[in-house]
Structures are given as structure tokens and as C-alpha cells.
Amino acid sequence: MAAAQIDSGDTAWMLAATALVLLMTPALGLFYAGLVRSKNTLNTFMMCIAALAVATVTWAAVGYSLAFNGNSGFVGGLGNAFLHDVTFAPRDGTQIPHLLFFAFQATFCIVTTALVSGAVVERMRFGPFLAFAALWSVLVYGVLAHWAFGGGFLQAHGTLDFAGGIPVEMGSGFSALAAALAVGARKDWGRQAILPHNAVYVLLGAGLLWFGWFGFNGGSGFSTGDAGVLAFVNTLLTPACTLATWFVLDVMRARQVTAIGAATAIVVGCVGITPAAGFISPGWAMLLGVIAAVPSYAVIMLRPRSRVDETLDVLAAHGVAGFTGILFIGFFAQHSWNGVSDGLLYGNAAQLGHQALAALVAPIYAFCATFALVKLIGLFTPLRVQEGEEALGLDIVSHGEEAYPTGEGAILVPV
Amino acid sequence: MKLVIGIVRPEKTNDVLEALYRAEVRGLSMTRVEGHGGELDRVETYRGTTVQVGVSDKVRFEIAVSDEFVQPTIDALCAGGRTGEVGDGKIFVVPVERVVRIRTGETDVAAVTPVTA
């Protein structure tokens, strides 16, 4: 084995980046909580918090090993199950401790699991969601992460995915669509206006997500080298351009710039740059910000007119924007910036083929596996709360708490 | 003229509004209220503090109508508000002495008749 050294600068940055990415999960909880009705605030937030509990454990147990142990095509081995051999020695291909590499990847699994909850909020029972999160984090995220990062067939064929356009963004987006279809729409869907209850949460959540995303993309080079710096800076540029483009699209549609639209744009921009962050020049990253806005905006406008209650638009914000970013690499990747590969524009048409393959197979696997998984859980236990409970709100039904209790009329119960 | 006061579940508000609309009852006000109507208390826990919450959120409709609209209004409130569980609410019908429409100065039945044009 090559005598790779631990680099203290890389390690210091990756410790910080791991903490930054972990913050994205409660930030997502805040973002989601603001988008639902007040009676479901806590339940929605708790689904994200649940991912912290569940996905961390499953990741340490088997998920990490299946994603990152060995180079087989479909799924990794069990050599690192229960953190076996995950120690202070450098992880292959990096100069950071294997243990830290595991923790950094764990935060990705957690936030991705939390992302999928956006499709099923306001009606899914909490217990079945926990079961879903546990299985999904291993069987869907773990497998896709292996394909993209862990030496699986996509990575081996030359598909480029810097920080998770395949497992995180397309994985969560197309899984969300499947989960929404398998669980079914909310009872009020299409019958009443269902409005976000706190746009300030949504904006603050989006802002914190962007902040965390500097660790997410900037850390995915596993070093303080060029790729990490490029990814970090592109994480500033692309979302800003998406935001500006969203303003323009909003004005064209209704002559007003909307706050929840702005929050959505930040997420779309961050997602768009995720796969491409370390592979394209800052100039192309700004163009990606403009381009990524359009298909996601279109899906967000059209989806609520359909019968699909993919409640918080995970497909539009993550699936579609991730898809755009993955394909964008195929055109605009630039060897002089990334030191890895050129895209079509720089004479390497094959790269576009590699990217298109990923954009085809990852959504299919995510959708089919998730649909089957949710239906399977549904065979053992009801997935949804009863209609009356859905009307009352899941905060009281699932957690026995309210997000905004007045305390009036509450009698202290003697213990 | 009567004032129809209907207290219903907040989650049935939309159904009630829809039923009132179908019954062509147009003028109404609604308020969020808290109350107790014999339903089971719910127990909530915040860290070590467990409380029994005896009052539930309700929505109170106040609808002033001319006499021929009293029964349609009551029917609409019942149709829209009923779930069959304890806690569906009550309807009170009380006489009204005078009504004045502030904009025009119209009084009584003219004042509770919706503006059509």
C-alpha cells in the first residue's frame, strides 16, 4: 500500500466541512416546516431530525460499507460494516483519516434521507417513516453512492459527479416522486388551498442550507486543493445566478418577485452546481445557475396542477436540478480547470455519454426501488394516519405537542 | 332576521364555507375561538411537563340572515361541519333587533340582503 500521509490542512478543513453539512439537515427541517400548515410544523421538522437518528446508525452499521467498500459494479462489500477497519489511516485517494471520510459521507446520507420526507409530509405516520428512512438510507442511497463515489459502475465508466448529483439530488428527487405516488395524496389535495404557514422559516432554512452547502461541495474534493476551492467558489456563484434568474422568471410570470420562490431558487442553484462544482470554470458555473433555474421553475409551476401530491417539490428542486447539473458537466467540463476531463465543448463528446448514462439509470433505480420499498412497508403497517387525524394535524397526533401552544386551557397533570 | 352563530371544527371550515356558498349565503364573519364541548381532553408533554388541554380550537361563524335564509344556513353549517364525532360544534339562532349597512345606511332586511350587481 502506498505510504499516503495525513495532511493536517485537509483534515482540518474536512472536520469543519463535516459539521457544515450536518447543519444542512436541521436547516432543511426549518425550510420544510415553513412550507407546511402550522398543524404539521413539528412532524415535518421531526422527519428531518429522525434522519439524524436513523441514517447515522444505518450508515455506521452497513450503509457506509455497501457504498464505499470495494470496487464491484453494483454495490460494495461488507468489509467496513460496523466501522470495521475504519481508522486513522488515510482513506485511499485522500490525505484525510478514513474515520473522518466516513463521518463526512454520513452527513450526506443523513441529509438525503431527510430530503425524501418532503414528498410524504402532512399524512405519513411517523413509525413507518422511520422504517422507510432506515431501509432507504441503505438500499437506495447506499447503492447510488456506490455507483457515483464508491467505485461502482458509473464512476468506473467515467461519469463525473463531484458532490452527489447522482445519489443525493437525483436519488432524493426521483425517490420523492415514487414515495408520493406510493403513499398517495393528502386528503385536502386539490380540494382546498394548502399554503405555507411561515415564509420566514423557508427563507432562513434556505440561507442555512446554502451556508452548509459550502461544506457539502467544498468538502467533496477532500482537500484544500484546487478542486475544493473551485467547488467552494462555484457554490457561491451558481446559486446567486439562479436566484437572479428566478427573480426574472417571477417578474415575467406575475410581475412580482416572491419570497418562497427566492428560497426555492437558492436550493435549486445549490443543487445544480453540486455535481459540477469541481469540474467547470466559474464562468460556466454562472451560466449553469441561469440554465438550472428554467426546468425546475417549469416543474414547480406545472406539478401542482397535476394530481401528484409530491408535497414540497423535492423532484423539481433536487431531481430536476440535479439532472440538469449532471448533464451540464457533459458539455462544459474543462480539463484546464479540473485536471480530470473535458466535456463536449472542449472536444470530448464521450463525457456527455457518460453523464447521460447516469442521468438515465440513477432516476430509474431511485424511483423503482423507492416505490417497491414504500409498498413493502405498506404491507406490514398502514402508511398514513386516518382522515380525522390528518385533519387535526400530525403534531398532536404523532407527537402530542404543538408548534405554537398558547398554554391557555392547559391543566397541569399531577405526576 | 336572525343571527346564526355556528361553532365548528377548524378543519371543517372549508367544507362549511363551501356549503354556505352553495346555499347562496354570502355575508358572514368568522373568528378563531377556543372552547370545550364535551370531547376528550388531549394530553401533551413538553419535556417533564405533562398537561391536559381541555379546550380545543374552533371556528365561530356569525351570519345575519333574513328569515327565509335561516334554515338553509343551518343546513349548510350542519352539512359542512359534521364528522359524527363528539366536538362537531353547536349552532345558536338568536333574534336580531336592528341591522344597518354602514355604506348605504340601509337597515334590517335590506341590509342583510347581499349586494347582487
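As given, the protein sequences belong to chains A and B, one line each in that order.
For the first sequence, the working numbering gives the first residue as 1, with consecutive numbering after it.
For the second sequence, the working numbering gives the first residue as 1, with consecutive numbering after it.
Yeah, the Cβ is synthetic: ideal placement off N, Cα and C, and Gly gets one too.
From this set, D108(B), R101(B), E97(B), G80(B), which residue's C-alpha is nearest E11(B)'s C-alpha?
-> G80(B)
Going by Cα to Cα distance, which pick from G272(A), Y346(A), A263(A) is closest to H318(A)?
-> G272(A)
For T31(B), decide whether its Cβ has a neighbour in chain A, counting only Cβ atoms nearer than 8 Å.
-> no
Please check if any C-beta of chain A sits within less than 8 Å of the C-beta of A117(B).
-> Because A117(B) carries a pLDDT of 48, less than 50, the predicted location of this residue cannot be relied on, and the following value inherits that uncertainty. A117(B) does not count as touching chain A.
Which residues in the same chain have their Cβ closer than 7 Å to the Cβ of V96(B), if we skip the five residues on either side of it in sequence?
-> M1, K2, L3, A64
Does DSSP classify F162(A) as helix, strand or coil?
-> coil
Looking at M30(B) and R177(B), is the spacing between their C-beta atoms short of 8 Å?
-> Residue 177(B) falls outside the range modelled here, since chain B spans only 1 to 117, and no answer is possible.
Consult DSSP for V308(A) and reduce its assignment to one of helix, strand or coil.
-> coil
Return helix, strand or coil for L130(A), following the three-state DSSP convention.
-> helix
Applying a beta-carbon distance threshold of less than 8 Å, which residues of chain A neighbour V43(B)?
-> G400, V413
Counting along the chain, where does the alpha helix (DSSP H) carrying L3(B) start and finish?
-> Taken as a continuous stretch (DSSP letters only), L3(B) belongs to no alpha helix (DSSP H), being part of the beta strand (DSSP E) at 2-8.
If we ignore side chains and look at the alpha-carbon of each, how far apart do Q256(A) and L360(A) end up?
-> 36 Å
Check whether the Cβ atoms of A263(A) and F108(A) lie closer than 8 Å to each other.
-> no
In its own chain, which residues sit with a C-beta less than 6 Å from the C-beta of C241(A), not counting the 5 before and 5 after it?
-> M286, G289, V290
Under the rule that 16 or more other beta-carbon atoms within 10 Å means buried, what is T11(A), buried or exposed?
-> buried
Would you tell me roughly how many angstroms separate the C-alpha atoms of L352(A) and G261(A), rounded to the nearest one?
-> 31 Å
Element boundaries [alpha helix (DSSP H), containing A349(A)] | 349-380
Three-pair Cβ contact test at 8 Å for the region 108-117 of chain B versus the region 83-91 of chain B = no
How about V51(B): is its C-beta nearer than 8 Å to some C-beta of chain A?
-> yes
With 8 Å as the threshold, decide whether the Cβ of E34(B) is near any Cβ in chain A.
-> yes
Straight-line gap, E106(B) to I7(B) (C-alpha atoms, nearest Å) = 28 Å
Taking only the alpha-carbon atoms, compute the straight-line gap between R123(A) and Q192(A) and give it to the nearest angstrom.
-> 15 Å
Would you please state the rounded distance, in angstroms, between the beta carbons of M14(A) and F222(A)? I believe it to be under 8 Å.
-> 6 Å
My understanding is that L28(B) touches E68(B), with C-beta atoms under 8 Å, so please give their C-beta distance in whole angstroms.
-> That belief does not hold up - the Cβ atoms of L28(B) and E68(B) are roughly 17 Å apart, past 8 Å.
Within 8 Å (strictly less), CB to CB, does A410(A) reach chain B?
-> yes
Please report the Cβ distance between G73(A) and G152(A), rounded to the nearest whole angstrom; I am assuming they are in contact, meaning their Cβ atoms lie under 8 Å.
-> 6 Å
Which residue or residues does DSSP assign as beta-bridge partners of A64(B)?
-> L3(B)
Tell me which same chain residues have a C-beta within less than 7 Å of the C-beta of V425(A), skipping the five on either side of it?
-> An answer regarding residue 425(A) cannot be provided, because it is not within the stretch 1 to 415 covered by chain A.
Tell whether a beta-carbon distance below 8 Å holds between C270(A) and P304(A).
-> no
Apart from the five residues on each side of it in sequence, which residues of its chain come closer than 7 Å, Cβ to Cβ, to A133(A)?
-> A50, A51, V54, A55, T113
Got a sec: does the ligand PLP put a non-hydrogen atom nearer than 7 Å to the Cβ of V55(B)?
-> Looking for the ligand PLP in the displayed structure turns up nothing, as the structure carries no ligands at all.
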